[in-house]
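What follows is a set of notes on a single structure, which appears directly below.
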Amino acid sequence: MGCCLFRSQILLAGGRKPDDPEQDDTSLYELDAGTQIYLFEADDNEKTKAKVYNHGNRFGSFPPPHSHSHSHGGGIIKGDCCYGELHQGKPQPLVVEVAGKLFVLSSGPVDFPSPAFEEFNSNKGIWTTLPDPPPYTGDCRDFSYAIVGTKIMVSTPISSVFCFDADAPNPGQWSVCCAEPFPFEGKALVLDLEEDDNRNKIVFGYEHIPGHGYDVVAYTMFNDDENGYCYCHRITPLHLLTEFSELVFGTDNTFSFVHLGGGKVCFVIAYSMASFEGDDDYPILGEEEVDLIVVTFEFSISKKDGNSTRFFSTKTLGSCIFPFDFASESGSVFEAKLLGCFVR
């Protein structure tokens with residue numbers, strides 16, 4: 001499942017449907033992906049909440065469904081009233097708002113059918129299919145993303161970086177913007193460098209550095225007048241996870257970046273460890289224990305007088321660990337993932 005903040009709502013899209021107990025282990029490669037959209041209204045205005053949770057028409061541009069006899073006091077609900085359903089199920093999609101538009105793009109862990117890319121038409125309340133990006137021509141399971149202005153950029157470890165401009169005069173086509181894949185994993189955070197008149201960017205990503213391990217890494221993204229933003233140059237790992245060195249991080253850890261304004265950034269990563277029951281000779285896999293590791297830091301970029309060289313520095317503002325409590329959840333929870341983080 002993927003999520004994003006769209007207007008005043010947190011949207012959850014896609015996901016994997018519950019396993020059929022009669023299926024064998026091969027079902028891992030035949031995921032029954034969901035097409036449903038769920039929403040959480042983050043606006044504290046009671047009229048707005050009542051309109052949404054009573055299944056009213058959120059956008060006012062297409063007929064709402066028949067009213068229901070019950071009302072909702074809040075929480076996560078199905079978004080049929082506002083968003084309908086996707087054309088194609090997507091187990092772990094990228095869900096983003098770009099140029100005021102809502103997009104859902106398929107990603108791992110396995111190959112999947114088209115359409116992999118869809119855009120929500122808020123005037124009609126339906127999803128429109130868009131061309132699949134070139135990386136989807138093969139069996140790609142690991143994706144890297146960067147949202148740069150109005151552009152969605154995606155690559156795999158074995159592909160170029162492809163770009164979709166949501167605000168192009170004739171949108172709908174993908175183009176190559178960098179021959180080399182992104183060095184980071186998952187979705188990076190891209191911020192403007194104000195002194196460059198927003199031409200070049202500072203990027204924060206999660207990457208494995210040989211001899212160092214997994215860490216948050218800073219990059220600069222350069223603007224090419226011919227191809228657009230096309231090249232990421234690694235500056236340095238930030239050593240944000242050093243104090244948690246007793247934990248083992250890897251590609252299975254889910255994470256999210258949040259820009260707090262100015263040079264302040266929050267990095268959140270979920271660390272999970274399965275518990276075992278029984279004795280040492282016959283261990284039984286139990287529920288998964290999940291901690292959320294939260295690290296905030298501040299970066300700055302400066303120049304020395306008479307020198308065009310820029311200096312990048314960071315300082316950690318704070319860190320903490322939040323244990324995730326499964327006690328309130330019904331049934332057994334064997335896996336948990338961090339989908340996203342937002343600032344109100």
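Those letters in the sequence shown? Residues 1 to 344, per UniProt numbering, in order. Virtual Cβ for every residue (Gly too), placed ideally from N, Cα, C.
query: Inter-stretch contact at 8 Å, needing at least 3 Cβ pairs: the stretch 173-184 / the stretch 89-107; result: no
query: Contained beta strand (DSSP E) runs [length at least 3] in the stretch 204-267, N- to C-terminal order; result: 213-224, 228-237, 255-261
query: F342 and V258 closer than 8 Å at C-beta; result: yes
query: is_contact[H233, chain B] using C-beta, thresh 8 Å; result: No chain B is present in this structure, which holds just one protein chain.
query: Paired residues, beta bridge with T128 - DSSP; result: E119
query: Pick from T150, L338, V295 that is closest to I321, judged by C-alpha positions; result: V295
query: Rounded Cβ spacing between L39 and G84 (contact assumed at less than 8 Å); result: Actually they are not in contact, since the Cβ atoms of L39 and G84 sit about 12 Å apart, beyond 8 Å.
query: C-alpha distance - S313 paired with D215, whole-angstrom precision; result: 16 Å
query: Per DSSP, the bridge partner or partners of E185; result: Y206
query: Beta-carbon proximity of F249 to F267, cut-off 8 Å; result: no
query: Nearest-angstrom Cβ-Cβ length linking I77 and Y53, presumed shorter than 8 Å; result: 6 Å
query: S71 in three-state terms, based on DSSP; result: Its pLDDT being 42, under 50, S71 is placed unreliably by the model, and the measurement read from it follows with that caveat. Coil, per DSSP.
query: Residue nearest to Q9 in terms of C-alpha spacing, selected from P133, D142, T48; result: T48
query: Buried versus exposed call for D165 [16 or more other C-beta atoms within 10 Å across all chains shown]; result: buried
query: Simplified DSSP assignment, three categories, for T48; result: helix
query: Three-state secondary structure (DSSP) of D43; result: coil
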